[in-house]
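Notes follow once the structure below has been shown.
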DNA sequence: AATGCAGTTGCAAATTATTCGCATCTGAAA
DNA sequence: TTTCAGATGCGAATAATTTGCAACTGCATT
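Chains as they are written, first to last, in this note's numbering: chain A, 26 to 191; chain B, 26 to 191.
In structure tokens:
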């Protein structure tokens, strides 16, 4: 099975981020190889880019980044690869409201998203309480929870504020 | 605390469902008129259909139902109307994983969705606890929660065993 | 009831995001 | 090396939704 060992650190971004990303990309590559997935130039490139990504890029953006490194990568391959990687469990796909699907590596613990309605920024969070509550609710309805999607949409708090409308 | 409702199967349920739907459609129509929204043949048809719907139809399905009543309704108008009604706050749009957007009237209290991974059925539920928790989490991150999306994906519980896969 | 016109509609063409067909390449096992 | 299933690039195909535009129609006003 493909089981990347999960680190307990959130996304890295220090000076040795590249080193860390390389290590993570390498680990994913290994895992995939072990699962009989053929490793190609374009797949390695994508894995590295995904491991380096600190944001939530969509297929087109990944394609843009990929061809900076290897101009021969086509968009279809990006899509095909992402689908394959998702099936292998090494990347996660997020389809936010109306937007194109966004991707991130799956080698980190599960988390949910908070989207800033003004800036579009996406923050990650995790709440054990909510995770548990969801399982309970599912159970009450007679279901075993397989996965879920939770997105919070909000605006930055302002302590004192002048009312305005639109 | 946790209220479960309908699935995504077609059609009405109780005898006076039509009456109720008519009443609700009428109410929405009034509200829209009061807001200066011009009422057309196709809009009335759609409002009625939406009020009657007990499932979560997508635009194409609404179009199909609409033209049973008024063959002149075009798909573009369905889309345009849905967008307008959403903007007016009388319908809600739900974009589930990869699927086409589904719609329902917004004249009922907010609820979240539980999707049956095997049958595709959609059940509604509402949990005050989760609502509160979400607001708390948003606040912790420095945000005022504007809205959210919570979807639970699961499979029907089986009391014991059944060691089968798929 | 007739009029005016901005808001609506139908239709077709355009967009956007993603997938597919297919001929050609290429990992990697033998 | 040789071999070939699986991978790739390219362009065409889908699917969902939007838009341009000329014709139509609520409805406020005469």
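Think of the CB as a built atom: it goes at the ideal place given N, C-alpha and C, for glycine as much as any other residue. Fair warning: this is a prediction, and the values are worked out from it, not measured in the lab.
Residues of chain B whose Cβ lies closer than 8 angstroms to the Cβ of residue 155 (chain A) are, in chain order, 155, 158, 159 and 162. Its Cα nearest to that of residue 132 (chain A), the residue A:113 stands out among A:113, A:146 and A:148. Rounded to whole angstroms, the separation of the alpha carbons of residue 54 (chain A) and residue 80 (chain B) is 44 angstroms. Taking 4 residues as the shortest admissible run, the segment 142 to 191 of chain B contains the following complete alpha helix (DSSP H) segments, listed from N- to C-terminal end: 153 to 165. Remark: C-beta atoms of residue 100 (chain A) and residue 128 (chain A) do not approach each other more closely than 7 angstroms. Measuring C-alpha to C-alpha distances from residue 136 (chain A) to each of A:126, A:142, A:147 and A:56 identifies A:147 as the nearest. In the three-state DSSP reduction, residue 138 (chain B) falls in the strand class (E or B). For residue 111 (chain B), the enclosing alpha helix (DSSP H) covers residues 100 to 112.
Judged by DSSP in its simplified three-state form, residue 55 (chain A) adopts helix. Spatial neighbours of residue 68 (chain A) in its own chain (CB-CB distance under 6 angstroms, excluding positions within 5 residues in sequence) are listed in chain order as 106. Straight across, the Cα-Cα distance linking residue 155 (chain A) with residue 181 (chain B) is about 21 angstroms. If you draw a 10 Å sphere on the C-beta of residue 83 (chain A), you find 16 or more other C-beta atoms in it, and that means buried. Against chain B, a Cβ distance below 9 angstroms from residue 169 (chain A) picks out 179, 180, 181, 182 and 183.
Pairing residue 142 (chain A) with residue 159 (chain B), the inter-Cα distance amounts to about 16 angstroms. Within chain A, the residues whose beta carbon sits less than 8 angstroms from that of residue 142 (chain B) are 171, listed in sequence order.
Residue 69 (chain B) is outside the set of residues whose beta carbon lies under 7 angstroms from a beta carbon in chain A.
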